[in-house]
Amino acid sequence: MTKERITLGKFGEDLARERLKDLGYRILKENYRCSLGEIDLVARDGDVLVFVEIKTRKNQSLGQVKEAVNRKKQTQLSKVALAYMKSNNFWGCKARFDVVAIRLIDGEKEIEIIKDAFELAF
0 MTKERITLGK FGEDLARERL KDLGYRILKE NYRCSLGEID LVARDGDVLV
50 FVEIKTRKNQ SLGQVKEAVN RKKQTQLSKV ALAYMKSNNF WGCKARFDVV
100 AIRLIDGEKE IEIIKDAFEL AF
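Note that the sequence shown ends on residue 121 in numbering that gives the first Met the number 0; no numbers are left out.
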């Protein structure tokens with residue numbers, strides 16, 4: 000991964016985190032990693048545990064950004080989410096997957112939060 004891409008991803012994660020906090024989400028964990036992969040953010044939205052995938056792109060439509068969370072990515076995120084729930088004793092807790100799509104173009108920022116973006120996938 001290039002340094003520019005890492006910087007862009009970090010910038011997007013910072014934007015997403017602040018927007019989610021403004022909406023009342025309580026961030027529990029950033030960049031949760033296990034042997035199965037990584038989830039960008041784990042948060043609480045009221046009584047719901049939320050697993051958040053953040054996608055940041057330049058010069059692409061928001062539709063293209065959202066499409067980056069394809070079926071393969073959904074399956075991987077589902078496995079990591081279940082591992083998080085198991086290791087942190089969240090069994091039985093309501094949970095969902097949100098996607099934050101961020102588009103940066105000409106100094107402008109478009110941020111779209113897709114709540115309950117997909118179902119648990121295997």
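Don't be surprised by glycine CBs; every beta carbon is placed ideally from N, CA and C.
Alpha carbon of leucine 48 to alpha carbon of glutamate 107, nearest angstrom
31 Å
Closest by C-alpha distance to aspartate 105, when choosing among Lys57, Phe96, Arg4 and Lys85
Lys57
Go ahead and label threonine 6 buried or exposed: buried means 16 or more other beta carbons lie within 10 angstroms of its beta carbon, across all protein chains shown.
exposed
Inter-stretch contact (C-beta, 8 Å, three-pair minimum) for the segment 67-83 and the segment 3-18:
no
When the Cβ atoms of the segment 24-33 are set against those of the segment 64-74, are three or more pairs found closer than 8 Å?
Contact fails: fewer than three Cβ-Cβ distances are below 8 Å.
Between the CA atoms of glutamate 3 and alanine 42 - distance to the nearest angstrom
Distance between the alpha carbons of alanine 42 and glutamate 3: 27 Å.
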